[in-house]
Ligand code: ME8
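Residue numbers (this note's numbering): 526 to 1061.
If you want it as structure tokens, here you go:
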């Protein structure tokens, strides 16, 4: 879907999963939140009104058990770990507009409100259930599914257990046809394509009603009118996407300020929670007669040094490991690596220290950093540190057979289009492509040679203008992923830009850099001697 101006009028709403508080943040959580952040920043820079939500999932048996083991209350455990998740946000320059916690009173009230609505409309009923239960994931499987999984949890590998419960059920089976139609008629509803096919395949095997309450623990939102039952953590969690906007409390401030963001533009999640988001969630919304999100984007997983991350293997990328990367390479390289090398497609991505180092050198040191320093250094050396003019006689001097305005406009359009469809690497790649063209242009036109000939000063000025202008335009497209270093570059180029105020497309038009502006030399990405080594 290409970006067009009309879209900027429509508010955008992007969400991450809400993370379980019985875990500590690691690369997986940071990955999803970071890619959402890059998209949110880019869309805001385009002038879109964006709401970016993340938060924590705090109920359920796992939290209850972990708290018990530690001899504290589930609320204490939730408070402690939610604070850790929150503290990470600022540190990684993540610009979420709200952080929802499922133990918030207004969330709990709204969960009850929505479940009551489902009960009143008969989308939820009381019944008996028997199935194969994954205790770790709190998920039920049918006999067919369980057999395929060899009666083992696909996540933890632990045996599934046979369980019978009297529970409230959601009539998921009633939505089979509508779900199949949705996935067929709206192919972008689940992305990437391979994931959509997976969901369609499982849908066609048939779907059964799902229990949405539990009686084997108490740490959760009580079922309205039957407090023996606690609302299943997944229903509670999925509803966060609409409770954060106050959709269950039409009189509230939240509703007044935020209801316009629904339906969501994209729910970004990991592939392991696709079924909940691609089938259960839209069915619940259909039952509530509410509009559906535009897209559920399920990325794949980070593995580490070629293997599944595990604490015992010592390849787990936890906050301590992340700190080592950030301390060595800077936060912007961390964000750059996640955004460009991450598992956004249907296959897992390998986080590897050597690869990280290589990408840093190739893309940031030798391309962005080197180009910015070459151009600013030449302007200082040959033009007294002020931006020269591209058209001394009122007409642009064309050199090196380079139609810069067209090249730049193409890169900008490609970068915007890619980001709009959530292809982060494509968007960033288009910006980097523009930087590479500057390097090639310098090598072809050899301004350092022209500088020796006073009669060529007009050409020299035009070349350096064009280089600086192309770097400026590329920098606008790179700001969402590397805000820190790019702002440093803007300062060196004498530019006062406020991306929060929008205007990316206007700023990215060729010719925005003003002749006469003072330019300082910059060194954006200092070299790093050797890759980070895992702690012994
Ligand atoms: O599932 N690579 O929370 P959670 C990439 N509370 N991403 C990863 C990852 C990895 N190795 N490991 C985790 C839950 N993630 C529920 C969600 S939403 C209504 C409720 C990311 O704490 C990825 O986004 O287990 C995944 O979906 C999420 O962390 C799971 O976080």
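We put the CB at the ideal spot given by N, CA and C, even for glycine.
Member of 1007, 772, 544, 560 whose CA lies at the smallest distance from the CA of residue 624: 544
Distance cut-off 8 Å: residue 797 Cβ against heavy atoms of the ligand ME8: yes
Contact the region 898-905 vs the region 971-990: 3+ CB pairs below 8 Å: yes
Contact under 9 Å by Cβ, residue 564 with residue 1005: yes
Residue from 1010, 561, 583 with nearest C-alpha to residue 758: 583
Beta-carbon spacing of residue 560, residue 949 below 9 Å: yes
Inter-stretch contact at 8 Å, needing at least 3 Cβ pairs: the region 1047-1055 / the region 878-890: yes
Interface flag, residue 819 vs chain C, CB-CB below 9 Å: Protein chains in the displayed structure number just one, and chain C is not present.
Endpoints, alpha helix (DSSP H) assigned at residue 720: 718-729
Check whether residue 986 and residue 913 have beta carbons under 9 Å apart: yes
Buried/exposed call for residue 646, threshold 16 Cβ in 10 Å: exposed
Distance cut-off 8 Å: residue 811 Cβ against heavy atoms of the ligand ME8: no
Beta-carbon proximity of residue 799 to residue 787, cut-off 9 Å: no
Three-state secondary structure assigned by DSSP to residue 676: coil
Residue nearest to residue 576 in terms of C-alpha spacing, selected from 537, 585, 595: 537
For residue 604 and residue 1001, the rounded distance between their alpha carbons: 38 Å
Residue 735 to residue 671 span [Cα, whole Å]: 15 Å
Sequence-distant residues of its chain with Cβ nearer than 6 Å to residue 654 (five each side left out): 690, 692, 736
Bounding residues of the beta strand (DSSP E) (the contiguous stretch that carries residue 543): 537-545
Residues bridged to residue 916 (per DSSP): Answer by DSSP bridge pairing: none, since residue 916 is not bridged.
Cβ pair residue 680, residue 610 closer than 9 Å: no
Backbone secondary structure at residue 842 - three-state DSSP: coil
For residue 578, the three-state DSSP class (helix, strand or coil): strand
Extent of the continuous alpha helix (DSSP H) to which residue 599 belongs: 599-616
Of the listed residues 1040, 748, 806, nearest to residue 1018 (C-alpha basis): 1040
Beta-carbon proximity check, residue 1013 vs residue 1047, cutoff 9 Å: yes
Distance between residue 1044 and residue 909 (C-alpha atoms, nearest Å): 9 Å
Cβ-heavy atom distance, residue 825 to the ligand ME8, below 8 Å: yes
Residue 834 Cβ short of 8 Å to the ligand ME8 heavy atom set: yes
Residue 636 and residue 761 closer than 9 Å at C-beta: yes
Nearest-angstrom Cβ-Cβ length linking residue 728 and residue 804, presumed shorter than 8 Å: 7 Å
The region 958-966 / the region 869-882 touching (three or more Cβ pairs under 8 Å): no
Meets three-Cβ-pair contact criterion under 8 Å: the region 810-826 and the region 700-718: yes
Own chain, CB closer than 6 Å to residue 527, minus 5 neighbours either side, in chain order: With a pLDDT of only 46 at residue 527, under 50, the local geometry of the prediction cannot be trusted, and the value read off the model is given with reservation. Counting only Cβ-Cβ distances below 6 Å, and skipping sequence neighbours, we find 942.
Whole-angstrom distance between residue 535 and residue 574, CA atom to CA atom: 7 Å
7 Å Cβ shell around residue 870 - same chain, five flanking residues per side excluded: 717, 825
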